[in-house]
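**Q** Quick one: the structure is below, questions incoming.
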Amino acid sequence: MSVGPLDEETVEKYRRAGEALRTVLDEAAAMIEPGVTHLEVAEHAEARIDELADGPAFPVNISVDEEASHSTPARDDDAEFGEEMVCLDVGVHVDGYVADAATTVDLSGNPELVEAAEEALDVAIDAVAPGVDTGTIGAEIEDVIRGYGYTPVLNLSGHGVEQWDAHTGPSVPNRGVDRGAELEVGDVIAVEPFATDGRGKVSEGNKEEIYSLERERSVRNRQARQILDTVTEKYRTLPFAARWFDVSRAEMALRRLKQQDVVHGYPVLKEEDGRLVSQAEHTLIVTEDGCEITTA
Numbered sequence: 000m001s002v003g004p005l006d007e008e009t010v011e012k013y014r015r016a017g018e019a020l021r022t023v024l025d026e027a028a029a030m031i032e033p034g035v036t037h038l039e040v041a042e043h044a045e046a047r048i049d050e051l052a053d054g055p056a057f058p059v060n061i062s063v064d065e066e067a068s069h070s071t072p073a074r075d076d077d078a079e080f081g082e083e084m085v086c087l088d089v090g091v092h093v094d095g096y097v098a099d100a101a102t103t104v105d106l107s108g109n110p111e112l113v114e115a116a117e118e119a120l121d122v123a124i125d126a127v128a129p130g131v132d133t134g135t136i137g138a139e140i141e142d143v144i145r146g147y148g149y150t151p152v153l154n155l156s157g158h159g160v161e162q163w164d165a166h167t168g169p170s171v172p173n174r175g176v177d178r179g180a181e182l183e184v185g186d187v188i189a190v191e192p193f194a195t196d197g198r199g200k201v202s203e204g205n206k207e208e209i210y211s212l213e214r215e216r217s218v219r220n221r222q223a224r225q226i227l228d229t230v231t232e233k234y235r236t237l238p239f240a241a242r243w244f245d246v247s248r249a250e251m252a253l254r255r256l257k258q259q260d261v262v263h264g265y266p267v268l269k270e271e272d273g274r275l276v277s278q279a280e281h282t283l284i285v286t287e288d289g290c291e292i293t294t295a
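In terms of numbering that gives the first Met the number 0, the sequence shown opens at residue 0 and continues consecutively.
Structure, rendered in structure tokens:
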């Protein structure tokens with residue numbers, strides 16, 4: 000079945016990515032409990048993605064408490080889950096076509112914060128249709144989250160996904176805006192409400208374990224060249240984790256590549272008040288009569 004400009008083969012790849020993601024996300028979420036390490040969950044999920052699809056669309060994000068995004072364990076990370084709020088964000092691709100979804104596992108005793116993000120996602124999905132402005136969807140998300148007494152994370156938003164691009168337009172805000180983008184049949188979007196009991200702004204922390212290719216250029220350092228060759232061949236423009244590389248002194252090589260503007264780093268994003276953050280996310284294809292959820 001074709002959807003607008005998307006042919007049948009492309010739609011099927013988006014669906015296959017979504018089906019694989021659903022399996023992996025459920026398995027990984029079930030693993031999250033006190034005493035289990037972040038690295039165990041991330042490595043299990045990424046290994047399963049390699050079995051079920053063509054690879055991760057980005058490293059598994061495991062964000063805890065005030066962290067909202069871009070947190071993935073380092074190679075030697077021994078952090079264990081405790082009485083925390085854990086956002087699990089997973090990406091899968093089939094031939095570069097991306098599925099992106101997230102869920103929150105609450106070990107902190109704040110289930111309503113999780114419910115706020117989940118209900119906001121449900122309401123947003125119901126609002127998706129061709130001709131709908133993304134600002135209207137953002138207003139629906141904001142109304143639900145504020146109705147729970149919480150705040151949407153105002154400077155994070157949903158986004159489009161395309162082949163080999165896990166984060167493109169249109170932007171789907173988590174608050175009402177006057178002028179968004181008008182959805183069209185065939186748009187593929189990831190809608191991801193974030194709710195917090197803080198003021199709703201995130202800023203960059205110091206930790207950085209995720210990178211993506213900025214531009215290709217010749218590099219002289221041998222380790223840096225090894226990493227660049229792997230990135231261009233295997234990950235292309237999709238984000239990757241520092242821990243995925245076995246080359247010696249990988250961290251130093253990545254720093255070199257970043258200094259030369261070859262790769263771009265993604266610092267962990269944290270709620271500025273240090274308050275809890277929850278997240279819920281699905282990937283959707285906009286259809287003539289609404290949308291199809293590829294990650295359901």
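Backbone N, C-alpha and C fix where the C-beta goes; we use that ideal spot for every residue, glycine too.
All values derive from a computational prediction rather than experimental measurement.
#1: Less than 8 Å between the CB atoms is what I'm expecting for Ala116 and Gln278, so what's the real figure, rounded?
#2: Smallest Cα separation from Gly175: which of Arg198, Ile188 and Ile144?
#3: Taking 9 Å as the cut-off, decide whether the C-beta atoms of Ala78 and His37 are in contact.
#4: Label Ala295 either buried or exposed according to how many other C-beta atoms from any shown protein chain fall within 10 Å of its C-beta, with 16 as the threshold for buried.
#5: Per DSSP, which residues does Tyr96 bridge with? Please list them.
#6: Counting Cβ pairs, one atom from each stretch, are 3 or more of them under 8 Å apart for the stretch 212-231 and the stretch 135-150?
#7: On a Cα-Cα basis, can you pick out the residue from Glu66, Ser62 and Asp25 that is closest to Arg47?
#8: Does DSSP put Val231 in a helix, in a strand, or in coil?
#9: Roughly how many whole angstroms lie between the Cα atoms of Gly185 and Gly34?
#10: Can you tell me where the beta strand (DSSP E) holding Thr167 begins and where it ends?
#11: Check for me: the beta strand (DSSP E) holding His281 runs from which residue to which?
#12: Spatial neighbours of Val201 within its chain, please: CB distance less than 7 Å, with the 5 preceding and 5 following residues excluded, ordered by chain position.
#13: Hey, out of Leu106, Gly3 and Thr236, whose CA is closest to Gly95's CA?
#14: Specify the secondary structure class of Gly269 as computed by DSSP and reduced to three states.
#15: Quick one: any contact between the stretch 238-246 and the stretch 57-64, if contact means 3 or more CB pairs under 8 Å?
#16: Do Gly197 and Val276 have their CB atoms nearer than 9 Å?
#17: Return the CA-CA distance between Glu111 and Ser62, expressed in angstroms with no decimal places.
#18: Give the straight-line distance between the Cα atoms of Val127 and Ala28, rounded to the nearest whole angstrom.
#19: Suppose the cutoff is 8 Å on Cβ atoms and the five residues either side in sequence are ignored; what does the same chain contact list for Thr231 look like?
#20: Given a cut-off of 9 Å, decide if Val261 and Val218 are closer than it, judged by their beta-carbon atoms.
#21: Put Pro58 into one of helix, strand or coil per three-state DSSP.
#22: Since His69 is in the beta strand (DSSP E), which residue starts that stretch and which ends it?
#23: Let's see if you can read the secondary structure: which residues bound the beta strand (DSSP E) around Gln278?
#24: Straight-line CA distance for Asp288 to Val2?
#25: With DSSP as the reference, label Tyr13 as helix, strand or coil.
#26: Considering Leu38, what are the terminal residues of the alpha helix (DSSP H) in which it resides?
**A** Well, looking at it:
#1: 6 Å
#2: Ile144
#3: yes
#4: exposed
#5: Val93
#6: no
#7: Asp25
#8: Correcting the residue identity first, residue 231 is Thr in this sequence and not Val. Correct three-state label for Thr231: helix.
#9: 43 Å
#10: Asp164 to Pro172
#11: His281 to Thr286
#12: Ala67, Val152, Asn154, Leu155, Leu268, Lys269, Glu270 and Glu271
#13: Thr236
#14: For clarity, residue 269 is Lys in the given sequence; the question names Gly instead. Looking at Lys269 - three-state DSSP - the assignment turns out to be strand.
#15: yes
#16: yes
#17: 18 Å
#18: 27 Å
#19: Leu212 and Glu215
#20: yes
#21: strand
#22: Premise fails: His69 is in no beta strand (DSSP E) and is neither H nor E.
#23: Val276 to Gln278
#24: 11 Å
#25: helix
#26: His37 to Leu51
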